[in-house]
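These notes concern the structure reproduced below.
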Amino acid sequence: MKTFSYPIFAKIVYRYANIFITFVLLSHLVVFIIAPNKNYSYLPLGLINIILIYIVNRFYFTNYKYFPYDIKADEEKIIVSNFVFNNRTETIYYKDIEKLTGGVFNKKPSTPIYVICNNGKKIGINTHLKEFNKLLTLILQHVSDSVYQNTLEEMKIKADEQIANIKTKINKAKERKTTRKKK
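Sequential numbering of the sequence shown, starting at 426, is according to my numbering.
What follows is the structure, encoded as structure tokens:
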């Protein structure tokens, strides 16, 4: 059984960075609240801070719910543990995986990959995982053929859409260039 884990720095950032960020944003918010009562120019900045606090903490609570920090994988299953809020351990069999999404599967290589099972389990894997590519290869080797083919088809569709968007942008740029030359 192969063990995968995150580097120390990534663990600290993924677990505790929101505490620091929230503290800084809350201290700014306190300054905006304490500002003179007749000066309402700080109100939009305070609202922006509240929105940022919400967005940052929503992201981190999602990480806490779906992202394990210890992953063990072999030829038939993945065992995940060390979640932030609870000490649960889940076993995911490759035959139960029904969808792979996010990250390279959605043409966004820096975003996390989600493994979704047919029994409702969902785990996330960040790209900062040590030997991330080996784990991804292991998962792709052992999922069912239908999941593998569906994932490849979705990737091909997204790649075709991306190519079409790039071609459209190039054509628009060429049109703008020719209209500038005519003037």
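Even glycine gets a Cβ: it sits at the ideal position worked out from N, Cα and C.
*Whose CA, out of Ile-595, Val-568 and Thr-593, lies closest to the CA of Asp-499?*
Selected option, being the one with the closest Cα: Val-568.
*Under three-state DSSP, which class holds Asp-499?*
Coil at Asp-499, not helix or strand.
*Run through DSSP, which three-state label would Gly-545 get?*
Coil.
*Are there 16 or more other CB atoms within 10 angstroms of the CB of Leu-525, so buried, or fewer, so exposed?*
In this structure Leu-525 is buried. Its beta-carbon is surrounded by 16 or more other beta-carbon atoms within 10 angstroms.
*Touch check for the segment 436–446 and the segment 484–502: three-plus C-beta pairs under 8 angstroms?*
By the criterion of at least three beta-carbon pairs nearer than 8 angstroms, the segment 436–446 is in contact with the segment 484–502.
*Identify every run of the alpha helix (DSSP H) within the segment 520–600, keeping only runs that are complete inside it and at least 4 residues long; order them along the chain.*
The DSSP assignment places complete alpha helix (DSSP H) segments of no fewer than 4 residues inside the segment 520–600 at 557–567, in order along the chain.
_Sheet register partners of Ile-504 (DSSP bridge)_ = According to DSSP, Ile-504 shares a beta bridge with Lys-497 and Thr-516.
_Quick check: Lys-555 and Phe-429, are their CB atoms within less than 8 angstroms of each other?_
Note that the C-beta distance between Lys-555 and Phe-429 is below 8 angstroms.
*Confirm, please, whether the CB-CB distance from Lys-547 to Ile-541 is below 8 angstroms.*
Taking the C-beta atoms as reference points, Lys-547 is found nearer than 8 angstroms to Ile-541.
*C-alpha distance - Gln-566 paired with Lys-497, whole-angstrom precision*: Each residue's alpha carbon lies about 16 angstroms from the other.
*Between the beta-carbon of Asn-543 and the beta-carbon of Asp-521, is there less than 8 angstroms?*
Less than 8 angstroms separates the beta-carbon of Asn-543 from that of Asp-521.
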